[in-house]
Amino acid sequence: MHRELVLLLLLAFPAYGHQMIPSHPVLKQSHVSGILKTELELFNKRKDVEYYELGVFDADWNPIPFVSAYRVAHVRYLGHLKFDVYIRKDDADRATYVCSQSKLRGDSTGTLLASRICSKLHH
Amino acid sequence: MKETKFEKFAFAVSATAVTIGAALFLYALFLIIAKPAQAAEIPIEGTVQSQCLINTDKPGVYGSPNAYTLSTAPADGGVIPIVRYDVTLADAYTARITYPTDFSSSPSLSDSVTWTGSVAVDQVSSVDMADYQTDSTTYDQTREYVLTATGATWFAVSSTAAYGGGSNKAFPGGTYRAVVVAECIAN
């Protein structure tokens with residue numbers, strides 16, 4: 001009964017979602033010495049969002065320098081985006097979170113939702 | 124008229140040839156029919172792994188019960204935004220939800236705005252989530268929930284903005300937008 005209710009609720013409201021995997025990415029040696037890399041994937045199920053800002057942070061949420069093909073990634077509705085994040089070996093111990101945050105459009109209406117998903121780097 | 128031995132032999136040969144021909148025809152037909160079925164084999168791959176999905180199930184709307192208040196409360200004509208978290212692995216994520224303390228866009232405001240709000244569990248998909256609200260922690264405008272069970276959890280985020288710093292000044296006419304921040308942090 002409870003499951004039917006949940007399914008009914010899922011169908012009743014059009015849901016717009018944001019997802020990033022894996023939850024615990026692993027840093028590996030890249031093709032450049034002294035630089036580590038990890039691969040993540042974004043999935044955009046939000047019709048109201050097309051851009052996601054990427055960031056790397058330490059345990060206290062201080063930003064860590066990183067390189068990626070995208071600082072702000074364009075992901076169409078229902079689109080997947082695989083991307084690599086490169087971090088210096090010297091920063092690897094401090095780097096804790098890789099995050100993606102939705103960028104809202106100026107013409108959106110009402111109370112808006114900024115979604116942010118952070119994967120925790122596996123050391 | 125009686126059949127000669129040669130005629131019997133010829134009949135037997137032609138009957139065998141017809142049978143073999145029919146068998147070959149059926150085999151060829153089978154190959155023709157079977158081939159598209161082989162071509163239609165398209166692999167579908169899937170990986171199940173721990174993940175968190177943040178969904179906007181219901182975008183909020185500010186109602187205006189009076190000239191100096193904007194509120195998402197249904198009694199004030201508003202709509203409370205509902206955020207849904209789907210997680211596939213227990214104890215892998217923490218949900219952090221922050222109600223607004225500023226307008227992301229609004230007409231020019233010359234006076235201060237007083238913000239209040241709250242975050243609460245609205246619905247759960249599992250009885251294991253029953254204690255989410257009591258176990259949650261709060262600081263500033265943020266409430267934090269450790270997602271200890273798999274499944275979907277719905278959170279309701281209320282927000283109220285009062286203009287005039289207590290002197291009940293009327294909001295200037297225009298469109299007001301504010302942002303709820305929903306975060307899913309891997310533990």
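Line order of the protein sequences matches chains G and L.
With our numbering as the guide, the letters of the first sequence map in order to residues 1 to 123.
With our numbering as the guide, the letters of the second sequence map in order to residues 124 to 310.
All residues carry an ideal CB built from backbone N, CA and C; glycine is no exception.
Enclosing alpha helix (DSSP H) for residue i [first to last residue]
i	result
threonine 257/L	255 to 258
Range of the contiguous beta strand (DSSP E) that encloses residue i
i	result
glycine 55/G	49 to 57
glutamine 246/L	236 to 247
serine 227/L	226 to 228
alanine 309/L	300 to 309
glycine 274/L	274 to 286
lysine 103/G	97 to 104
histidine 74/G	72 to 74
Option in the options with minimal Cα separation from residue i
i	options	result
histidine 31/G	Leu113/G, Glu53/G, Arg88/G, Arg71/G	Arg88/G
isoleucine 177/L	Tyr86/G, Lys120/G, Glu41/G, Met20/G	Met20/G
threonine 257/L	Leu270/L, Pro230/L, Gly144/L, Ile165/L	Leu270/L
alanine 218/L	Ala279/L, Asp225/L, Arg266/L, Pro188/L	Arg266/L
threonine 84/G	Gln101/G, Pro63/G, Ala92/G, Tyr70/G	Reading off the sequence shown, one finds aspartate at residue 84/G, where the question assumed threonine. The shortest C-alpha separation from aspartate 84/G is found at Tyr70/G.
leucine 121/G	Val67/G, Lys28/G, Phe43/G, Asn44/G	Lys28/G
cysteine 175/L	Ala272/L, Phe148/L, Ile143/L	Ala272/L
valine 280/L	Ser290/L, Thr179/L, Asp234/L, Tyr216/L	Thr179/L
isoleucine 220/L	Ser173/L, Tyr150/L, Gln264/L	Gln264/L
leucine 112/G	Ser235/L, Ala140/L, Ser233/L, Asp225/L	Asp225/L
serine 282/L	Tyr299/L, Gly274/L, Lys128/L	Tyr299/L
Residues that DSSP places opposite residue i in a beta bridge
i	result
methionine 20/G	Leu42/G
glutamate 267/L	Arg219/L, Thr260/L
phenylalanine 83/G	Leu40/G
histidine 123/G	In the DSSP output, where bridge partners are listed per residue, histidine 123/G has none listed.
asparagine 178/L	Gly17/G, Arg207/L
asparagine 314/L	Outside the displayed span of chain L (124 to 310) sits residue 314/L, for which this structure offers no information.
lysine 28/G	Lys37/G
valine 171/L	Note: valine 171/L sits in no beta bridge, so no partner.
8 Å contact criterion, which residue i and residue j should meet: CB distance rounded
i	j	result
tyrosine 222/L	alanine 293/L	So it is not a contact: roughly 23 Å between Cβ atoms.
valine 302/L	leucine 104/G	7 Å
threonine 195/L	proline 188/L	In fact, because the Cβ distance is near 11 Å, the residues do not count as touching under 8 Å.
leucine 54/G	serine 115/G	14 Å between Cβ atoms; not a contact.
serine 119/G	histidine 24/G	7 Å
glycine 297/L	proline 230/L	3 Å
Would you be able to state if there are at least three C-beta pairs under 8 Å between the segment 68 to 75 of chain G and the segment 43 to 51 of chain G?
The way I'd put it, the segment 43 to 51 of chain G does touch the segment 68 to 75 of chain G; three or more beta-carbon pairs between them come closer than 8 Å.
* Asked: Are the segment 182 to 190 of chain L and the segment 237 to 245 of chain L touching by the rule of at least three beta carbon pairs closer than 8 Å?
  -> Contact between the segment 182 to 190 of chain L and the segment 237 to 245 of chain L is absent, with fewer than three C-beta pairs closer than 8 Å.
With three or more beta-carbon pairs closer than 8 Å as the criterion, would you say the segment 282 to 300 of chain L touches the segment 207 to 214 of chain L? no
- Determine, using beta-carbon pairs with one atom in the segment 245 to 253 of chain L and one in the segment 299 to 308 of chain L, whether at least three such pairs fall under 8 Å. Three or more Cβ pairs closer than 8 Å define a contact, and the segment 245 to 253 of chain L falls short of that threshold against the segment 299 to 308 of chain L.
Checklist line | contact_flag[the segment 54 to 62 of chain G, the segment 93 to 103 of chain G] where n(CB pairs < 8 Å) is 3 or more | finding: yes
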